[in-house]
Amino acid sequence: MPQPKTTKVFKSGNSQAVRLPKEFQFDVDEVEIFRRGDEVVLRKKPGNLAGLFEALAALGEGEPFLPEGRQQPQAQERDFSGWDKDDR
1 MPQPKTTKVF
11 KSGNSQAVRL
21 PKEFQFDVDE
31 VEIFRRGDEV
41 VLRKKPGNLA
51 GLFEALAALG
61 EGEPFLPEGR
71 QQPQAQERDF
81 SGWDKDDR
């Protein structure tokens, strides 16, 4: 796990700001911020589904997920008679 860094917290208008060291800089204009326990987490704002589809396409065809097909047992026959009665 990379070693944590220390940085300065300062006021920017009515908000609190943090200066990110170079190795933590983002390559986007917006980030998401949320609390996780006692941590404040910054991460790239998720895009639309286009990025997901591009990532899936980059995986290529590859091997089939279920090459032998889905092997599912026969459905069980159950007796539901009497289940609609109130036995309370």
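Going by the UniProt record's numbering, the sequence shown opens with residue 1, and the numbers climb by one from there.
Glycine included, C-beta positions come from ideal geometry on N, C-alpha and C.
These figures come from a predicted structure and were not determined experimentally.
Asked, Found
"Same chain only: Cβ atoms within 8 Å of P21, ignoring 5 sequence neighbours per side", "K5, T7"
"Extent of the continuous beta strand (DSSP E) run through E32", "31–36"
"Identity of the residue in R43, G37, S15 nearest D27 by Cα", "R43"
"Rounded C-alpha distance that separates F65 from F24", "37 Å"
"In DSSP terms, what A17 is bridged to", "F10"
"Counterpart residues of L42 in DSSP-defined beta bridges", "I33"
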